[in-house]
Amino acid sequence: CSLASLAERSGKLYFGTAYQSFYMAAEGFTPVLDSEFDQYTPENEMKWSVIQPEPNVFNWTGSDLIIAHAKKTGSIVRGHNFCWDSQTPGYVTNITDPDELKSVLKSHIDAVLGRYGNDLYAFDVINEPLNDNGTFKSNVWYNVLGEDYLGIALDYAHAAAPNLNLYINDYNIESVNNKSQAMAKVAQGLLAAGKPLNGIGFESHFIGGETPDDIAESMKQFTDLGLDVAITELDVRVPVNNMGIANSTWLEIQAKDYAQVVSVCLNNTKCPGVTVWGFADYFSWIPGVFAGYGAADLYGFTYQPKPAFYAVQDTL
Ligand code: G3I
Numbered sequence: 030c031s032l033a034s035l036a037e038r039s040g041k042l043y044f045g046t047a048y049q050s051f052y053m054a055a056e057g058f059t060p061v062l063d064s065e066f067d068q069y070t071p072e073n074e075m076k077w078s079v080i081q082p083e084p085n086v087f088n089w090t091g092s093d094l095i096i097a098h099a100k101k102t103g104s105i106v107r108g109h110n111f112c113w114d115s116q117t118p119g120y121v122t123n124i125t126d127p128d129e130l131k132s133v134l135k136s137h138i139d140a141v142l143g144r145y146g147n148d149l150y151a152f153d154v155i156n157e158p159l160n161d162n163g164t165f166k167s168n169v170w171y172n173v174l175g176e177d178y179l180g181i182a183l184d185y186a187h188a189a190a191p192n193l194n195l196y197i198n199d200y201n202i203e204s205v206n207n208k209s210q211a212m213a214k215v216a217q218g219l220l221a222a223g224k225p226l227n228g229i230g231f232e233s234h235f236i237g238g239e240t241p242d243d244i245a246e247s248m249k250q251f252t253d254l255g256l257d258v259a260i261t262e263l264d265v266r267v268p269v270n271n272m273g274i275a276n277s278t279w280l281e282i283q284a285k286d287y288a289q290v291v292s293v294c295l296n297n298t299k300c301p302g303v304t305v306w307g308f309a310d311y312f313s314w315i316p317g318v319f320a321g322y323g324a325a326d327l328y329g330f331t332y333q334p335k336p337a338f339y340a341v342q343d344t345l
């Protein structure tokens, strides 16, 4: 049985993965994608810098391929993302006039959701808005529009695609801490103001053996407000040798971490599903960013399932 069908049998909507369209050309990639997963998140190809690198210059190539593949396999797609401090072009981040910024945001959202609104299940409208201490990150959205930017972007997205599930997505909110408590206040404020917020994404980029033990409690902070909480970017990085290979002790620790996260989602009816941030170690973003770490995904370099894969399968 695939991870997707096991997840559905356990009452979840999907078991998903992020990927980039060009990975599909790699030998061994697409068979696993098609057999195990029924939800896709474009890892980069729906980000602003890819979709609209210059004003009114649109590049739909990668995102069209992912949407088309989802239609072919009957999978659902989570869009990612609109307001972020990274992968946003200079013609946007240099804007200082609030009306101009709002109009650029609205026309970008209208373009993306005009094309894909009916083909998507959810969208990370707001990505990574908070610092670890719970204050708002300095980025063009906050600096020009203040806290109102979240509600403004949610309103634009809802107007463009009324049935889409709209999310705020962030990391380090998977524990009860300053950041997740601040996020719960932000969410509560948006709901009280009648803003169309449907859920919170727990990115869940974890380190082997250090997965928080209070993910369920943190999830409850949001699901008690009536929001969904999806696990949106799960991976578990572990120490690797200079070939990028982890030893079996670390792979067993990692398997427990994966199982723990999946079981938290299974045990909360407001968690629609789990998305891994890639399933193939070969394409993982981890080694390029965290020196000495890697092997963070469910499948090794030649697409052999790792202990974490079997642990997720057992848990589901
Ligand atoms: O496409 C260009 C290519 O044309 C160019 O030659 C090459 C040279 O550097 O760069 C390519 O772009 C890279 C892009 O991935 C596509 O592969 C960027 O440099 C690289 O920075 C970018 O990294 C992505 C990263 O977000 C950017 O911040 C990772 O793949 C992606 O996994 C990562 O995903 C984020 C989520 O969106 C948000 N949460 C955290 C997560 C991990 O950082």
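In full-length UniProt numbering, the protein residues as written are 30 to 345.
Just so you know, even glycine gets a beta-carbon here, dropped at the ideal spot from N, CA and C.
Scanning its chain for C-beta atoms nearer than 7 Å, with the 5 sequence neighbours on each side dropped, one finds around F319 the residues R266, in chain order. Note that the C-beta distance between I105 and Y150 is below 7 Å.
Not one heavy atom of the ligand G3I lies closer than 6 Å to the C-beta of N160. Here I244 is not near V303, since their CB atoms are 7 Å or more apart. A340 is positioned such that its CB atom lies no closer than 7 Å to that of A275. Under the DSSP assignment, E262 falls in the beta strand (DSSP E) whose first and last residues are 257-268. With respect to L263, K335 sits apart: the two C-beta atoms are not nearer than 7 Å.
When secondary structure is reduced to three states using DSSP, Y200 falls in the coil class, being assigned neither helix nor strand. When C-alpha distances from D93 are compared across Q49, S132, E83, D63, the shortest belongs to Q49. One alpha carbon belongs to Q81, the other to H137, and they sit about 8 Å apart.
With fewer than three CB-CB distances shorter than 8 Å, the stretch 235-253 does not count as touching the stretch 303-316. The beta strand (DSSP E) runs of length 3 or more contained entirely in the stretch 30-73 are, from start to end of the chain, 43-48, 68-71. With 16 or more other CB atoms across the displayed protein chains lying within 10 angstroms of its CB, M248 is buried. Around the CB of Y120, fewer than 16 other CB atoms lie within 10 Å, so the residue is classed as exposed. Inclusion of S115 in the 6 Å shell around the ligand G3I follows from its C-beta lying nearer than that to a non-hydrogen atom of the ligand. Shortest gap from the CB of W314 to any heavy atom of the ligand G3I: under 6 Å.
Annotation for N201: D161, K208 place their beta carbon closer than 7 Å to its own, counting only its chain and skipping 5 residues before and after. The beta strand (DSSP E) runs of length 3 or more contained entirely in the stretch 141-179 are, from start to end of the chain, 151-156.
Secondary structure of F231 (DSSP, three-state): strand. A distance below 8 Å between beta-carbons, with the five flanking residues on each side excluded, links A222 to the following residues of its chain, in chain order: G180. The shortest C-alpha to C-alpha distance from P71 to any of P60, A99, A140 is the one to A99. Judged by DSSP in its simplified three-state form, G223 adopts coil rather than helix or strand. Only exposed fits A55, as fewer than 16 other CB atoms lie within 10 angstroms of its CB. Taking 6 Å as the cut-off, one finds at least one heavy atom of the ligand G3I near enough to the beta carbon of N73. Just so you know, the alpha carbons of I282 and G237 end up roughly 6 Å apart. In terms of Cβ geometry, P127 and L174 form a close pair [threshold 7 Å].
Beta-carbon to beta-carbon, F231 and E203 are separated by about 5 Å, close enough to satisfy the 8 Å threshold. Shown here for V154: same chain residues with a beta carbon closer than 6 Å to its own, the five before and five after excluded, namely F111, A182, L183, A186, L195 in chain order.
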